[in-house]
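**Q** What follows is a single structure, and I will ask about it in a moment.
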Amino acid sequence: MQDLPHKTRFSDEPGFRPFDKRRLSYASTFPNPWKAAAIRVLEWMTGKITLLRLIHRFEHSEKEVGQAFWSKALRFMGIVVETPVEQFAHIPPTGAVVVISNHPHGLVDGMVLGELIGRVRTDYKILTRSLISGISEVSEFLIPVPFPHEENMLEKGLEMRREAMEILARGGVVVLFPAGAVATTTGWWGEAVEREWHPFTARMICRSKATVVPIFFPGHNSPAYQVANHLSPVIRQGLLIHEIVYALNKPQKPVIGAPIPWDELAPHTSNQTEFVAWLRARTLALKEHPHA
Numbered sequence: 000m001q002d003l004p005h006k007t008r009f010s011d012e013p014g015f016r017p018f019d020k021r022r023l024s025y026a027s028t029f030p031n032p033w034k035a036a037a038i039r040v041l042e043w044m045t046g047k048i049t050l051l052r053l054i055h056r057f058e059h060s061e062k063e064v065g066q067a068f069w070s071k072a073l074r075f076m077g078i079v080v081e082t083p084v085e086q087f088a089h090i091p092p093t094g095a096v097v098v099i100s101n102h103p104h105g106l107v108d109g110m111v112l113g114e115l116i117g118r119v120r121t122d123y124k125i126l127t128r129s130l131i132s133g134i135s136e137v138s139e140f141l142i143p144v145p146f147p148h149e150e151n152m153l154e155k156g157l158e159m160r161r162e163a164m165e166i167l168a169r170g171g172v173v174v175l176f177p178a179g180a181v182a183t184t185t186g187w188w189g190e191a192v193e194r195e196w197h198p199f200t201a202r203m204i205c206r207s208k209a210t211v212v213p214i215f216f217p218g219h220n221s222p223a224y225q226v227a228n229h230l231s232p233v234i235r236q237g238l239l240i241h242e243i244v245y246a247l248n249k250p251q252k253p254v255i256g257a258p259i260p261w262d263e264l265a266p267h268t269s270n271q272t273e274f275v276a277w278l279r280a281r282t283l284a285l286k287e288h289p290h291a
């Protein structure tokens with residue numbers, strides 16, 4: 000009987016070091032040490048231990064890097080992607096593409112988009128916050144986006160934009176959440192509302208003349224997160240780890256809308272604010288009209 004090939008685990012790699020638990024935190028996005036400390040306390044209280052246990056199991060499983068990492072990570076998290084197979088045809092297999100999406104959950108949204116786009120093509124980069132951009136196994140697919148309160152935010156933002164434009168110039172795919180922040184309720188209770196979209200999205204599309212693919216995520220973060228948003232930005236930031244745990248073992252069914260070519264986009268581009276509002280409305284409309 001022929002021996003089965005040995006499967007390398009993450010922990011079998013030469014020089015392997017267990018995940019540094021300090022990396023699993025949003026505290027570093029606040030330069031104020033008291034605010035950072037408060038965020039760390041909230042993270043330990045609301046979900047960090049659960050995620051560290053999951054990461055420990057992941058490290059002792061078969062190693063996957065690149066595109067395969069997303070599938071494996073989502074499987075470990077119990078997140079099944081239920082997007083209908085026929086919608087993947089909406090992602091152009093070649094040419095410059097800007098993928099725009101609403102942002103109801105946080106880190107999980109970026110992971111799911113990596114899985115979706117990668118089923119069609121792998122010449123993509125996701126603009127994402129620092130927590131996920133530090134994962135070396137998928138760093139080739141990520142461009143870090145600074146938080147507004149980070150030090151050197153302006154310089155980091157300019158570098159992010161430069162890299163995104165270079166990808167589109169090469170005929171690749173840029174994936175982003177134009178709101179730049181997770182959807183929240185306008186009052187203490189009620190439905191979470193997608194924030195207004197940043198005009199950078201409009202400028203990037205106009206300069207590159209890329210095809211646009213809108214994607215809509217149904218769902219929202221926990222009620223605790225929505226309340227925290229109205230109490231303090233520190234508390235809200237401190238609950239982002241909790242929201243990853245909240246998303247575990249729940250399916251995701253994002254809707255991939257039909258591609259919008261440049262000749263259809265061009266008539267809407269005379270005013271960037273109005274253009275990006277039109278893109279936002281078109282994306283959110285996929286909730287009611289998933290086949291649009």
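Numbering (numbering that gives the first Met the number 0), first residue to last: 0 to 291. All C-beta atoms, glycine included, are put in the ideal place defined by N, C-alpha and C.
How would you call N101, buried or exposed, if buried means at least 16 neighbouring beta carbons within 10 angstroms?
**A** buried
**Q** Enumerate in chain order the residues of its own chain whose CB-to-CB distance from A180 is below 8 Å, with the five nearest sequence positions on each side excluded.
**A** H102, R194
**Q** Out of R161, H241, V211, which has the shortest C-alpha to C-alpha gap to Y224?
**A** H241
**Q** When the Cα of V244 is compared with those of H104, R21, F215, which residue comes out closest?
**A** H104
**Q** What does the alpha-carbon distance come out to for the pair A37 and V111?
**A** 29 Å
**Q** Check for me: the alpha helix (DSSP H) holding Y25 runs from which residue to which?
**A** Per DSSP, Y25 belongs to no alpha helix (DSSP H) and is neither H nor E.
**Q** From the beta carbon of L230, is the nearest beta carbon of chain C less than 8 Å away?
**A** Of the protein chains in this structure there is only one, and it is not chain C.
**Q** Pick from L230, F274, L126, V254: whose alpha carbon is nearest that of E263?
**A** In terms of Cα proximity to E263, the closest of L230, F274, L126, V254 is F274.
**Q** Look at the alpha carbon of A26 and the alpha carbon of P266, and state the distance between them as a whole number of angstroms.
**A** 43 Å
**Q** Report yes or no: do the region 81-98 and the region 244-263 share at least 3 C-beta pairs separated by less than 8 Å?
**A** yes
**Q** Exposed or buried, what is A168 when buried is set at 16 or more other beta-carbons lying within 10 Å of its beta-carbon?
**A** exposed
**Q** Leaving aside the five residues before and after L41 along the sequence, list all residues of the same chain whose C-beta is less than 6 Å from its C-beta, in chain order.
**A** G237
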